[in-house]
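The next block holds one structure in the form of structure tokens; read it before the comments.
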Amino acid sequence: MIATIRLLDAAEARAAIPDLCEVLTDCVNGGASVGFMQPYGNADAAPYWQVVADAVASGATLLLVAEIDGRAVGTVQVGAAQMPNQPHRGDLKKLLVHRSARGKGLARLLMDAAEREAAARGKMILVLDTATGSDAEAIYPRLGWERVGVIPDYALWPQGGLCDTTLFYKRVA
Ligand SMILES: CC(C)(COP(=O)(O)OP(=O)(O)OC[C@H]1O[C@@H](n2cnc3c(N)ncnc32)[C@H](O)[C@@H]1OP(=O)(O)O)[C@@H](O)C(=O)NCCC(=O)NCCS
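According to full-length UniProt numbering, the sequence shown is numbered sequentially starting from 1.
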């Protein structure tokens, strides 16, 4: 398997929306607590990715994809627009890998690239939150992220039921 990691501009982000819808829909239907509730389909995901593409256009968001055979099967974002007193901070968001492409190192490649791109734009510290007890929670420490703590009842699982969140940070510069 040869994967390509790419940072997308706004036009590329818009062109990738069909693939990104597949990835997000697969993750939500696979039980990931990433902002959306089941039932969830590509028609639900498209407006979300349009907003992300607009944020890429304005420079508020960095959007990266992992491609196999020209198709995006994984993605991650860095929210780069912060308040004036936090220009050096970024929010790591929506690390998503399609279930068919998991376990091949794509999340590690995406995170490495996102951290590099954020650092190249003056970000020193990145922050993220992830559902407590999820696969993702186990992965971030392996990628060098520091666990801060847990906020109870922060969100819902996509099938319903309250879900705690775990906060992490990483210094990237
Ligand atoms: C979390 C997720 C992105 C991981 O993607 P992936 O491409 O399978 O991860 P990788 O193959 O790059 O694995 C990264 C590291 O985590 C480890 N890992 C992978 N799956 C794991 C699991 N279920 N439990 C523990 N560790 C795991 C890998 O061994 C690897 O560590 P290593 O490089 O030191 O060996 C994927 O499971 C996913 O999309 N989940 C649903 C969406 C989600 O919850 N996203 C998080 C939002 S904050």
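The beta carbon of each residue, even a glycine, is placed where N, CA and C say it ideally should be.
Task: DSSP state of V57 mapped onto helix, strand, coil - done: Before going on, a small fix: residue 57 reads as Ala here, not Val. Reduced to three states, the DSSP call for A57 is helix.
TODO: Drop a sphere of 10 angstroms on the beta-carbon of L8, count the other beta-carbons inside from all chains shown, and report buried for 16 or more, exposed for fewer.
DONE: buried
TODO: Would you check if the distance between the CB atom of L106 and the CB atom of A66 is smaller than 7 Å?
DONE: yes
- [ ] Compute the Euclidean distance between the alpha carbons of residue 174 and P152, then round it to the nearest angstrom.
- [x] Only positions 1 to 173 of the chain appear in the structure, and residue 174 is not among them; the question remains open.
Task: Nearest to R14 (by Cα), restricted to the options L64, A136, E115 - done: L64
- [ ] Give the single residue among P87, S100, D26 whose Cα lies nearest to the Cα of M1.
- [x] S100
- [ ] Find out if the Cβ-Cβ distance for the pair T132, V148 is shorter than 7 Å.
- [x] no
Task: Buried or exposed by the 16-neighbour rule on C-beta atoms within 10 Å, applied to A53 - done: buried
Open item on the list: Only counting the same chain, and skipping five residues up and downstream in sequence, which positions put a Cβ closer than 8 Å to that of K104?
Closed with: M1, A3
Task: Which listed residue (G122, C27, T61, E115) has its alpha carbon closest to that of residue 201 - done: The question about residue 201 has no answer, for the chain in this structure spans 1 to 173.
Open item on the list: When you compare the CB positions of A10 and A57, do they come within less than 7 Å of one another, or not?
Closed with: yes
Task: Endpoints, alpha helix (DSSP H) assigned at P152 - done: Careful: P152 lies outside any alpha helix (DSSP H), inside the beta strand (DSSP E) at 146-156.
Task: Exposure of M111, with buried meaning 16 or more beta-carbon neighbours within 10 Å - done: buried
- [ ] Within 10 angstroms of the Cβ of D69, are there 16 or more other Cβ atoms? Answer buried if so, exposed if not.
- [x] exposed
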